[in-house]
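Colleague: Mind looking over this structure? Questions follow.
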Amino acid sequence: MEQSTVGSTATTTRPPSTSSSALPAITIISVTILVPTLVISVLGNVLVCIACVASKRLHSYTSVFIVSLATSDILVGVVSVPVWISVQLNGEPSMVTMPTMYMMWLCLDIINGTASIMNLVFISIDRFLAVCHPYLYHNLMSRAKVAMTIVFIWAYAVLIAGLYPTYWRGYAIFVFVLAFLVPLLIMIIAYSMIFKVAIAHARSIRAQSLSFNTTANPRATNIIQDLKAARTLSIVIGTFVLCWCPFFILNIITVYCKSCPIWFSVVIAVKILHYGSSAVNPIIYSCMNRSFRAAFKAILTRGVFRGNRVGSLDAGSTITRSLQVIENST
1 MEQSTVGSTA TTTRPPSTSS SALPAITIIS VTILVPTLVI SVLGNVLVCI ACVASKRLHS
61 YTSVFIVSLA TSDILVGVVS VPVWISVQLN GEPSMVTMPT MYMMWLCLDI INGTASIMNL
121 VFISIDRFLA VCHPYLYHNL MSRAKVAMTI VFIWAYAVLI AGLYPTYWRG YAIFVFVLAF
181 LVPLLIMIIA YSMIFKVAIA HARSIRAQSL SFNTTANPRA TNIIQDLKAA RTLSIVIGTF
241 VLCWCPFFIL NIITVYCKSC PIWFSVVIAV KILHYGSSAV NPIIYSCMNR SFRAAFKAIL
301 TRGVFRGNRV GSLDAGSTIT RSLQVIENST
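Dropping the structure here:
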């Protein structure tokens with residue numbers, strides 16, 4: 001490959017030749033990891049979508065963003081991962097012999113990856129507003145505004161991908177800033193504020209509870225709950241950085257350091273990480289939430305839901321449900 005993008009890591013090292021009967025060990029390892037990643041990405045995120053539609057308890061604005069995230073991750077599993085597996089087994093589509101297929105592959109990969117990242121960003125913004133400004137959230141949010149936000153997310157992803165054919169030297173930095181650095185900063189700020197408010201809220205509730213139970217150990221309880229909240233938020237931010245940071249750094253190195261040797265095995269490892277994000281997202285954003293776990297259990301055991309009703313959307317219930325992201329992630 002000659003270029004570097006959010007969807008396709010460029011390298012100066014070509015994929016190992018697969019003309020012989022024996023596949024390189026790195027290719028076998030990669031495909032062995034990517035196939036389960038593909039299956040989990042598709043099935044896990046389809047399950048998330050079904051749960052959000054079928055369970056009335058999950059009918060919320062946040063769930064709309066989670067469904068959008070799941071959709072982008074399903075596309076990664078259906079489109080991006082299979083093509084990347086084919087690239088490793090058969091060689092990449094040539095810009096000369098198959099220019100249309102080559103460009104479609106890159107643009108779709110960019111759209112899927114960018115949409116996944118932007119959905120993560122708006123999930124953090126949605127939770128920040130719900131927890132830190134519950135009354136504003138209640139008055140501000142509406143179906144129309146959520147729909148417009150989803151349209152913006154996907155239009156943004158298409159715009160980033162649409163700029164690829166006009167590739168210029170600064171494109172790698174442009175994508176790094178707008179598709180990774182800015183989203184990361186927004187997520188860190190949003191989840192830090194959520195953590196601060198959630199801890200204060202939880203301590204207030206515990207203080208009231210302990211006033212009726214003098215035998216409890218408030219210090220031990222505080223430490224356990226604080227560590228639990230910190231763990232959850234660390235998983236969210238840490239997973240995002242782990243999955244995407246190496247990918248964007250490699251893109252920049254490829255463009256600005258032509259003399260740097262970049263082995264195909266490094267590219268494979270980086271691609272596994274960022275494609276793996278689509279398999280991990282439904283676990284972090286769904287399986288760690290009790291309501292989603294209950295919905296999954298109902299789908300897998302009965303296939304239907306009974307009596308799952310949504311409570312009134314007042315400010316108090318909004319902050320309580322939002323805090324479940326931290327307090328219920330067990």
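Using our numbering, you'd call the opening residue of the sequence shown number 1 and step up by one each time.
Cβ atoms here follow ideal geometry from the backbone N, Cα and C, with glycine treated the same way.
1) Could you check the C-alpha separation between Leu89 and Thr166 for me, to the nearest Å?
2) Consult DSSP for Gly238 and reduce its assignment to one of helix, strand or coil.
3) Please report the straight-line C-alpha distance between Leu38 and Asp73, rounded to a whole angstrom.
4) Within 10 Å of its beta-carbon, does Tyr333 have 16 or more other beta-carbons around it, so buried, or fewer, so exposed?
5) Which residue from Cys107, Val87, Phe152 and Thr100 puts its Cα closest to that of Phe65?
6) Ordered along the chain, which non-local residues of its own chain (more than five positions away) have a Cβ less than 7 Å from that of Cys52?
7) Can you tell me whether Thr114 is buried or exposed? The criterion is at least 16 other CB atoms within 10 Å of its CB, across all chains shown.
8) Going along the chain, which unbroken runs of the alpha helix (DSSP H) with 4 or more residues stay wholly within the segment 33-89?
9) Which word fits Gly44, buried or exposed, when buried means at least 16 other C-beta atoms lie within 10 angstroms of its C-beta?
10) Return helix, strand or coil for Pro134, following the three-state DSSP convention.
11) So for Val96, helix, strand or coil by DSSP?
12) Less than 8 Å between the CB atoms is what I'm expecting for Tyr413 and Val48, so what's the real figure, rounded?
13) Under 8 Å between the Cβ atoms of Ala190 and Arg127?
14) Can you tell me the Cα-Cα spacing of Ile29 and Leu23, whole angstroms?
15) Below 6 Å CB to CB, which residues in the same chain sit around Ile272 once its five sequence neighbours on both sides are set aside?
16) Answer with buried or exposed for Pro134, where buried requires no fewer than 16 other C-beta atoms within 10 angstroms of its C-beta.
17) Distance check for Met104 and Val96, CA to CA, integer angstroms please.
18) For Ile253 and Pro246, I'd like the C-alpha separation in whole angstroms.
19) Let me check understanding here. Comparing Cα to Cα, which of Val78, Ala25, Ser60 and Ser55 lies closest to Val42?
20) Where does Ser277 land, buried or exposed, given buried means 16+ other C-beta within 10 angstroms?
21) Any idea if Ser142 is buried or exposed, counting beta-carbon neighbours within 10 angstroms, 16 or more meaning buried?
22) Which same chain residues end up closer than 6 Å to Cys132 when comparing Cβ atoms and leaving out the 5 residues on each side of it in sequence?
23) Between the C-alpha atoms of Lys145 and Ile188, what's the straight-line distance to the nearest angstrom?
24) Does the beta carbon of Ile110 come closer than 8 Å to any beta carbon on chain C?
25) Count the other C-beta atoms from every protein chain shown that fall within 10 angstroms of the C-beta of Met288, then say buried if there are 16 or more, exposed otherwise.
26) By the three-class DSSP mapping on this structure, what secondary structure does Ile249 have?
27) Express the C-alpha separation of Ala200 and Tyr156 in angstroms, rounding to a whole number.
28) Could you give the DSSP three-state label for Lys297: helix, strand or coil?
29) Please go through the same chain and pick out, in chain order, the residues whose beta-carbon is closer than 7 Å to the beta-carbon of Phe122, but skip the five residues on each side of it.
30) Output needed for Leu129: all residues of its chain with C-beta closer than 8 Å, excluding positions within five of it in sequence on either side, in chain order.
Modeller: Taking the coordinates as given:
1) 29 Å
2) helix
3) 10 Å
4) Outside the shown range of the chain (1 to 330) lies residue 333, about which nothing can therefore be said.
5) Phe152
6) Leu58, Ser63, Ile66 and Val67
7) buried
8) Counting only runs of 4 or more residues that sit fully inside the segment 33-89, the alpha helix (DSSP H) segments are 61-75, in chain order.
9) buried
10) helix
11) Caution is warranted here: a pLDDT of 46 is assigned to Val96, below 50, making its placement in the model unreliable, and the coordinate value is therefore given only provisionally. Coil at Val96, not helix or strand.
12) Residue 413 is absent from the model: the chain starts at 1 and stops at 330.
13) yes
14) Distance between the alpha carbons of Ile29 and Leu23 is about 10 Å.
15) Ile33
16) buried
17) Confidence at Val96 is low in this model, with a pLDDT of 46, below 50, so the placement of that residue should be treated as unreliable; the coordinate-derived value is given next. Approximately 14 Å, taken between the alpha carbons.
18) 10 Å
19) Closest in C-alpha terms to Val42, from the list Val78, Ala25, Ser60 and Ser55, comes Val78.
20) buried
21) exposed
22) Excluding positions up to five away in sequence, the list reads Met193 and Val197.
23) 24 Å
24) In the displayed structure, chain C is absent; only one protein chain is listed.
25) buried
26) helix
27) Their Cα atoms are separated by approximately 36 Å.
28) The answer is helix: DSSP assigns Lys297 an H, G or I state.
29) Phe65, Thr149 and Ile153
30) Leu136, Tyr137, Leu140 and Met141
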